[in-house]
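Undergrad:
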Amino acid sequence: MRVRILAIAASATLVWLCCATVQRGYFRFDRTPSRDAYLDIWNDILDCPPVDGNRVTVLENGIRAFPAMLNAIANAKDHINFETYLFYSNSTGKKFM
Numbered sequence: 037m038r039v040r041i042l043a044i045a046a047s048a049t050l051v052w053l054c055c056a057t058v059q060r061g062y063f064r065f066d067r068t069p070s071r072d073a074y075l076d077i078w079n080d081i082l083d084c085p086p087v088d089g090n091r092v093t094v095l096e097n098g099i100r101a102f103p104a105m106l107n108a109i110a111n112a113k114d115h116i117n118f119e120t121y122l123f124y125s126n127s128t129g130k131k132f133m
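Here the sequence shown is numbered in the working numbering, starting from 37 and rising by one per residue.
1. Using CA atoms only, rank isn't needed, just tell me which of M105, K113 and D76 is closest to T120.
2. How far does the alpha helix (DSSP H) with G89 in it extend, from its first residue to its last?
3. I'd like to know whether the C-beta atoms of V92 and W78 end up nearer to each other than 9 Å.
4. Taking the alpha-carbon positions, what's the A48 to T68 distance?
5. Whole angstroms is fine: what's the gap from G129's alpha carbon to G98's?
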């Protein structure tokens with residue numbers, strides 16, 4: 037009897053797993069957080085408050101982000117704080133090194 041119950045439970049679990057759907061692609065929020073909420077999130081992540089006089093620009097995807105980052109590096113007056121990981125050793129990655 038115990039084996040039969042385990043077999044039924046295992047079969048039900050297998051059927052449930054086979055019927056489950058996997059979300060593919062990117063998840064997008066319906067709205068963007070407010071400026072204050074966004075700054076609070078970054079403060080929590082970086083563990084430092086934003087400083088007056090600095091500017092933050094959100095750039096989505098490499099096509100817009102890479103040229104803007106390279107321009108900021110080239111035009112920095114004092115210094116920049118920059119951290120990234122290069123996945124490919126291609127011409128774009130070498131521009132950042």
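In this text, a Cβ means the ideal position worked out from N, Cα and C, and glycines have one as well.
TA: In terms of the structure at hand:
1. The option with the nearest alpha carbon to T120 is M105.
2. Premise fails: G89 is in no alpha helix (DSSP H) and is neither H nor E.
3. Result yes, Cβ atoms of V92 and W78 sit closer than 9 Å.
4. So the alpha carbons of these two residues sit roughly 41 Å apart.
5. Just so you know, the alpha carbons of G129 and G98 end up roughly 11 Å apart.
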